[in-house]
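See structure below.
Numbering (this note's numbering), first residue to last: 93 to 445.
Structure follows, in structure tokens:
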């Protein structure tokens, strides 16, 4: 009797957390011709949320090997377990079988999780798998192809994953081109049903692609739109960042309630994918390497954990900002670098001792 009451109390306390922690629509894919691996996704949450972070939190990229998305009721421990299993050589389906059988937290209930995984086998052939727990929020579902997996939850309608797949398969060009096209397939008001009233698909989005020679945690293409003004479509913002990263000019019009002029997304949009944390994974000390900067500028480095809590902040005025991880636990962290012109860089790194 007592244990049943305890379970009910725990469930009631955790219910708001799981409602917030839902991360929405995404795609993982690999390209057997180039050896590139990548992922893209979006959610109606952003990095100003009190108990979570932006869409990119779900992405775990392993250059030359594969990509894992850990979403719905996100737990970093499950993400780390899946990452470890990929490093051990498990296939996507074997990884899913293991993490669902060894779920961390909440009575070991994997029914509130969703996973999408794509990788290369030992012969370099692509493979993929996905999982959607019965208790993830509707609409939920996934689609698996020979080299990709598309998954979503708390969607407004079943057509979102279908449209993403159609755009991915129809797109020409690089893996990044195809991933960006897949996200464009989900660009509709309320794709994440929580954003319907705002008239956008989501509030944050990302696109990440790693070359085989990249190091873990530092993909060559690492574009993140961590947050957007009310009514601004983050997939449009991400598409603009992608075009800028390819050398094209691009401008995004802000929502009507902020300005009637056209503005750029960032003073230095291409710096987002150029900033790197070295070494990564980090043990005790590391350096954020920024692109060429004005030596008279001052920068603020902010590091957040997976719940969006700020754990470290420091300033610098060079293109290399050093920091120590003393007192920080192992796991995934997010960083942003701000100048007097706004955000100039962002990314992720892992602490592993």
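Glycine is no exception: its CB is placed at the ideal position from the N, C-alpha and C atoms. Everything numeric in this text was worked out from a predicted model, so none of it was measured.
- Under the 8 Å Cβ criterion, the segment 159–171 counts as touching the segment 203–218, having at least three qualifying pairs.
- Between the segment 155–162 and the segment 317–329 there are fewer than three inter-stretch CB-CB distances shorter than 8 Å, so the stretches are not counted as touching.
- Residue 154 sits buried, since 16 or more C-beta atoms from the chains shown fall within 10 Å of its C-beta.
- Contact between residue 240 and residue 119 holds: their C-beta atoms lie close to 6 Å from each other, under 8 Å.
- Beta-bridge pairing by DSSP links residue 129 to 122, 302.
- The C-alpha of residue 291 lies about 10 Å from the C-alpha of residue 284.
- Of the candidates 281, 237, 246, 245, 237 places its Cα closest to the Cα of residue 260.
- Contact check for residue 304 against residue 127 passes: the beta carbons are separated by less than 8 Å.
- Between the beta-carbon of residue 121 and that of residue 271 there is about 6 Å, and that keeps the pair under the 8 Å contact cut.
- If you draw a straight line from the Cα of residue 326 to the Cα of residue 337, it is about 16 Å long.
- Excluding its 5 nearest sequence neighbours in each direction, residue 294 has C-beta neighbours in its own chain below 6 Å: 134, 135, 136, 284, 287, 326, listed in chain order.
- Assigned with DSSP and collapsed to three states, residue 292 falls in coil, not helix or strand.
- A straight-line Cα-Cα distance of about 5 Å links residue 229 and residue 246.
- Distance from the CA atom of residue 130 to the CA atom of residue 244, rounded to whole angstroms, is 17 Å.
- In the displayed model, residue 274 falls within a helix according to three-state DSSP.
- The beta-carbon distance between residue 267 and residue 132, rounded to whole angstroms, is 10 Å. This is too long to meet the 8 Å contact definition.
- Here residue 267 carries a helix assignment [DSSP, helix/strand/coil].
- Taken through DSSP and simplified to helix, strand or coil, residue 251 comes out as helix.
- The beta carbon of residue 405 sits closer than 6 Å to those of 394, all from its chain and outside the five residues before and after it, given in chain order.
- Burial is judged here by how many other beta carbons sit within 10 angstroms of a residue's own beta carbon; residue 116 has at least 16 and is buried.
- Just so you know, the alpha carbons of residue 436 and residue 382 end up roughly 9 Å apart.
- Looking at the backbone, the Cα of residue 263 and that of residue 421 are separated by about 41 Å.
- Per DSSP, the unbroken alpha helix (DSSP H) holding residue 175 starts and ends at 168–179.
- Under DSSP, residue 396 forms a beta bridge with 402, 426.
- Per DSSP, the beta-bridge partners of residue 240 are 121.
- In this structure, DSSP gives residue 228 a state outside helix and strand, which the three-state scheme calls coil.
- The three-state secondary structure of residue 328, taken from DSSP, is helix.
- Per DSSP, the continuous beta strand (DSSP E) segment holding residue 207 begins and ends at 205–212.
- Residue 315 sits in a strand when the DSSP states are folded into three classes.
- Annotated three-state conformation of residue 116 is coil, per DSSP.
- The three-state reading of DSSP puts residue 389 in coil, since its state is none of H, G, I, E or B.
- Taking a C-beta distance under 8 Å as the contact criterion, residue 226 and residue 184 do not qualify as a contact pair.
- Following the DSSP letters along the chain, one finds residue 189 in no beta strand (DSSP E) but inside the alpha helix (DSSP H) bounded by residues 184–193.
- DSSP, read as helix, strand or coil, puts residue 149 in helix.
- In the structure shown, residue 163 adopts extended strand secondary structure according to DSSP, grouped into three states.
- At the C-beta level, residue 215 and residue 188 stay beyond 8 Å of one another.
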